[in-house]
Amino acid sequence: MGPITLFDKSFLQALSTDEAVWFDNFFYPVIAPLFFIETLADLWKTPRVGKSAEDEVGIIAAKTPEMSGGPCYFHHDLCIQDLLGNHVPMNGQIPMANMRRVVRDNKEGAIAEVTSEAKAFQRWQAGKFYDVERLYAREWRRQVENIDLTGIERAMKQLGISSKTCKTLDSAFNLAEQFLGEVTKTPSRFDAVLEVFDVPSGMRRHIKERWKRKRKPSLRSFAPYAAHVLRVELFFSIAVGANLVASTRASHKVDIAYLYYLPFCTLFVSSDKLHRQCAPLFMRANQEFVWGGDLKEDLRNLNVYFSGLPEEVKQRGIYKFANRLPAESQGLIRKLFEKHTPNLLKTPETVDPKKIDKDAHKRLLDDMKLWESAPAMATGDQASAGELETMIIKRAISRNRGSWVQIGPEVVGDDI
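Residue 880 is where the sequence shown starts when you use the working numbering, and the numbers rise one by one after that.
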């Protein structure tokens, strides 16, 4: 429930596990692939005193959303699909990973299996890591350490970008927009764009022919999402060249990559100063940046409120007793709901138990089984896929997390 919210590692790391439970419950989190990679990379980061690297990763894994939201496709894959002509939504929808399209009775559906990321986070909480994950973490950490922002700074200065020619982040954004308009002016420049996106050689001819058939449009109209990603890249390089972003901190290059996923959310919450300065430049009018410390404080207030409920109520599971934002919550979270998801604040209609169809639950389960066994949609048809008749999202949910019972005793199993 709640607004679709992109978050970064800095925000989640600052939360207690109990606060993270309420973030998961009252928002619909977008899990960027970068968050998964950053978390795993902590296996090769110097841990705090008294903690092992495995402990640190397990702590973050325990805070990762599992009851709602979902992981997003990797931005590079989305860029290539966009260039191929397969629509990438940029209106706040999450292009969820692990989604398979199916057809049943000439109607389309989608099944989201439990993701490999979700399974990995559960393993990490228990301190279990595959050897390949440790190797991947080491390689990622090495790549970050080898990022050469001073090289980007020198290259930009050779193009005339400096603190004198570009004095503000707004100016850097405007210059990025200007450069973006130039990248498809000639076929050779378009080839350079395909090189930047590391498009597989077998796809380049098809993409370029499509571009020519459409009379060589700008990248903004030809592939809007790819244009967004390139805009972020250009902006960052210009900002580094103009000394608006420090070239001494390689991790800035990682931090800025979260902005690739801004089109897939309503809110972006972070405790990173670079995000606070830069993200609003790339957000739609109906989006909002939220400072992580402010949201943490209101999540703490929610935790205090719910902790005061009777024990018998809390044992029912938060999905039952906390399915609406309580009237007592009058802080930031309510303001965000009022602005972005006001319908979720309306009092639900009272259902007469006598009118509940006792067979409805069985019919729903039977219908879900039919959808799960439905044949997959042909690959070529997915580019023009229509409205979905149904969507089934499977989740791996811990029965207990932090101080809280998430799933009540009426649901059988240890972890659901």
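Note that beta-carbon positions come from the ideal geometry of N, C-alpha and C, so glycine has one too. All values reported here derive from a predicted model rather than from experimental measurement.
The beta strand (DSSP E) spanning residue i covers which residue range?
i, result
"T884", "883-886"
"L1146", "1146-1149"
"A991", "986-991"
"F1304", "In the structure as shown, the chain begins at 880 and stops at 1295. Residue 1304 is therefore absent and cannot be evaluated."
"V1169", "1167-1170"
"V982", "978-983"
Can you give me the start and stop residues for the alpha helix (DSSP H) that residue i sits inside?
i, result
"Y1198", "1197-1200"
"K1350", "The structure shown has nothing for residue 1350, since the chain only spans 880 to 1295."
"M1035", "1028-1037"
"R1002", "995-1004"
Answer yes or no: do residue i and residue j have a C-beta to C-beta separation smaller than 9 Å?
i, j, result
"L1146", "L885", "yes"
"K924", "E935", "yes"
"G1343", "S1150", "Nothing can be reported for residue 1343: it is not among the residues displayed for the chain, which extend from 880 to 1295."
"F1058", "I1117", "yes"
"D961", "A1105", "yes"
"V1148", "F1168", "yes"
"A1108", "H954", "The sequence shown places Val at residue 1108, not Ala. In this structure, H954 lies closer than 9 Å to V1108 by Cβ."
"Q1166", "L1141", "yes"
"M1256", "V967", "no"
"R1099", "A1055", "no"
"Y952", "P926", "no"
"N1202", "M880", "yes"
"W901", "L1181", "yes"
"S947", "P912", "no"
"T1229", "G988", "no"
"P944", "L1215", "no"
"I939", "Q972", "no"
"D1088", "G1006", "Per the sequence shown, the amino acid found at residue 1088 is Glu instead of Asp. Result no, Cβ atoms of E1088 and G1006 do not sit closer than 9 Å."
"K1175", "E996", "no"
"Q1194", "P1288", "yes"
"I916", "W1019", "yes"
"I990", "I1197", "no"
"V1075", "E1112", "yes"
CA-CA distance, residue i and residue j?
i, j, result
"R1280", "P1205", "21 Å"
"W1250", "L1048", "49 Å"
"I1040", "K1046", "10 Å"
"L1178", "T918", "22 Å"
"E1266", "G1187", "44 Å"
"D1260", "A1102", "Interpretation of D1260 is limited by its pLDDT of 49, a score under 50 that renders its predicted location unreliable; the figure taken from the coordinates is listed afterwards. Distance between the alpha carbons of D1260 and A1102 is about 19 Å."
"A1262", "A1016", "Model confidence at A1262 stands at a pLDDT of 43, short of 50, so the residue's coordinates are unreliable; what they give is reported in the following sentence. Cα to Cα, the separation comes out at about 34 Å."
"D1238", "R1002", "37 Å"
"A1275", "I1286", "12 Å"
"V1291", "F914", "31 Å"
"S1282", "T896", "8 Å"
"V1011", "H1154", "31 Å"
"P1096", "S1067", "14 Å"
"D1236", "L1243", "11 Å"
"R1092", "F1143", "29 Å"
"G1210", "E1217", "11 Å"
"P1159", "N904", "25 Å"
"I959", "P1189", "53 Å"
Name the residue from the options whose alpha carbon lies nearest to the alpha carbon of residue i.
i, options, result
"K1199", "Y952, R1013, V1284", "V1284"
"E992", "K998, K986, H955, M978", "M978"
"Q1022", "E1061, K1132, T1029", "K1132"
"Q1156", "F1114, A989, P926, K888", "F1114"
"S1080", "L963, A932, F1185", "L963"
"T1128", "A989, I938, I916, L1028", "The identity of residue 1128 in the sequence shown is Arg, whereas the question assumes Thr. The residue with the shortest Cα to Cα distance from R1128 is L1028."
"K1273", "E933, E898, G949", "G949"
"F1052", "K1091, P1096, M946, L1123", "L1123"
"N1025", "S1126, D1246, D1010", "S1126"
"F1185", "S1208, W1170, A1164, R1163", "S1208"
Verify the CB distance criterion: does residue i have a CB-CB separation below 9 Å to chain B?
i, result
"T943", "The chain inventory of the structure shown lacks chain B, comprising one protein chain alone."
Counting only runs that start and end within the segment 1211-1288, where is the beta strand (DSSP E) found for 3 or more residues in a row?
1269-1272
Any alpha helix (DSSP H) of 4 or more consecutive residues that is wholly inside the segment 898-961:
912-920, 932-942
Segments assigned alpha helix (DSSP H), at least 4 residues, entirely inside the segment 1020-1108:
Within the segment 1020-1108, the complete alpha helix (DSSP H) runs of at least 4 residues are 1028-1037, 1048-1059, 1066-1075, 1080-1092, 1098-1101.
3-residue-minimum beta strand (DSSP E) runs that sit fully inside the segment 1108-1165, ordered along the chain:
Annotation: the segment 1108-1165 contains the following complete segments of the beta strand (DSSP E) (minimum length 3 residues), in chain order: 1146-1149.
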